[in-house]
Amino acid sequence: MIEAPKRVAFFGGSFNPPHIGHGLLITWALSIGEVDQVWLVPCNLHAFSKKLAAFEDRLEMCRLLAAPFDPQQVKTCAIEGELGGENRTIDTILALKKRHPNTSFRLLIGADVLEEREQWKRFDELMVLSPPIIVGREGYSPPAGYVVSPPLIQLSSNKIREQLKSKKSVWDSVPHNVVEYVRTHRLYR
65 MIEAPKRVAF FGGSFNPPHI GHGLLITWAL SIGEVDQVWL VPCNLHAFSK KLAAFEDRLE
125 MCRLLAAPFD PQQVKTCAIE GELGGENRTI DTILALKKRH PNTSFRLLIG ADVLEEREQW
185 KRFDELMVLS PPIIVGREGY SPPAGYVVSP PLIQLSSNKI REQLKSKKSV WDSVPHNVVE
245 YVRTHRLYR
C-alpha cells in the first residue's frame with residue numbers, strides 16, 4: 065500500500081520549556097486546514113549557543129505538551145537528537161524529506177523570523193522547500209501572500225525560566241504536566 069501524502073507543520077524550537085502559547089499555536093495551525101499534523105521538533109543544540117536543558121528533557125516536555133491533542137494530529141519528533149550536534153533547520157528538513165518522501169512540510173515560524181533571515185542557513189531555499197505558515201507577532205508585518213495567524217498569546221520561555229529560577233508560579237503560562245516535570249527533574253534552577 066502506498067502511503068498517502070501528508071501535510072505537516074514543522075514546529076521547531078528550543079522548547080525550553082514549552083508553554084501554553086505553543087499549545088495555542090498548535091491548535092491554530094490545525095484549525096486553518098493547511099496541514100494534517102503538527103510535529104514538535106526540539107533542537108538538539110541551539111544554533112546561537114543558548115544554554116538549554118538537556119535534549120531528552122525538552123523532548124519529554126514536548127510530549128507532555130502534545131498529550132492533550134489527538135496523537136494522529138500532534139507528534140513529537142526526535143530527529144535533531146538522532147542527527148546529533150548543531151543542526152540548522154534546512155538540514156533537518158532535508159533529512160525529514162529523505163525519511164518521509166510522501167510528506168510535504170510547512171515551517172511554522174514567527175513573523176519576527178522573516179526579519180532575521182540573514183541568520184538562517186540557506187533561508188530562501190528553505191522557504192521553497194517548506195513554505196512557511198507565519199505566526200503573527202506584535203510589531204512585525206509579514207509580506208503579503210502568506211498564511212498568517214493573528215498575534216496569539218505573547219509568552220517567552222526566557223521569562224518563564226526566570227520565574228522558575230526565582231521560584232515564582234508559572235501555572236498560568238505552562239501546562240501543569242510540564243510544570244510537574246520541571247519540578248520533578250529540578251530544571252531551570
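When you line the sequence shown up against the numbering used here, it's residues 65 to 253, in that order. Beta carbons: idealized from backbone N, C-alpha and C, even for Gly.
### Message
By alpha-carbon positions, which one of E189, D134, R181 ends up nearest to P206?
### Response
In the sequence shown, the residue the question calls residue 206 occupies position 142. Checked all of E189, D134, R181; the closest Cα to P206 is R181.
#### Entry: Rounded separation between G77 and P165 - CA only
Here residue 77 refers to the residue found at position 13 of the sequence shown. Here residue 165 refers to the residue found at position 101 of the sequence shown. For G77 and P165, the distance between alpha carbons rounds to 23 Å.
### Task
With a 10 Å radius around its C-beta and 16 neighbouring C-beta atoms as the bar for buried, classify S233 as buried or exposed.
Here residue 233 corresponds to residue number 169 of the sequence shown, with the count starting at 1. Counting Cβ neighbours within 10 Å, S233 comes out exposed, since fewer than 16 surround it.
### Query
So which of I224, P195, K115 has the shortest CA-CA distance to V212?
Reading the sequence shown from its first residue, position 148 is the one you call residue 212. Among I224, P195, K115, the Cα nearest to that of V212 is on P195.
### Query
Distance, Cα to Cα, K161 vs Y245?
In the sequence shown, the residue the question calls residue 161 occupies position 97. In the sequence shown, the residue the question calls residue 245 occupies position 181. Looking at the two C-alpha atoms, the distance is approximately 32 Å.
### Task
Could you give the DSSP three-state label for S194: helix, strand or coil?
As a position in the sequence shown, residue 194 is number 130, starting the count at 1. Note: S194 maps to coil in three-state DSSP.
### Query
Are the beta-carbon atoms of P81 and V199 separated by less than 8 Å?
What you label residue 81 is simply residue 17 of the sequence shown in a count that begins at 1. What you label residue 199 is simply residue 135 of the sequence shown in a count that begins at 1. Not closer than 8 Å, so no.
### Reduced DSSP secondary structure (H/G/I, E/B, other) of I128
In the sequence shown, the residue the question calls residue 128 occupies position 64. According to the sequence shown, residue 128 is Leu rather than Ile. Shown here, L128 sits in a helix according to DSSP, grouped into three states.
### Message
If I follow the unbroken alpha helix (DSSP H) through K229, where does it start and stop?
### Response
For the purposes of this step, residue 229 is taken as residue 165 along the sequence shown, with counting starting at 1. 221-229 is the extent of the alpha helix (DSSP H) around K229.
### Query
Below 8 Å, can you find three or more Cβ-Cβ pairs linking the stretch 123-140 to the stretch 84-101?
yes
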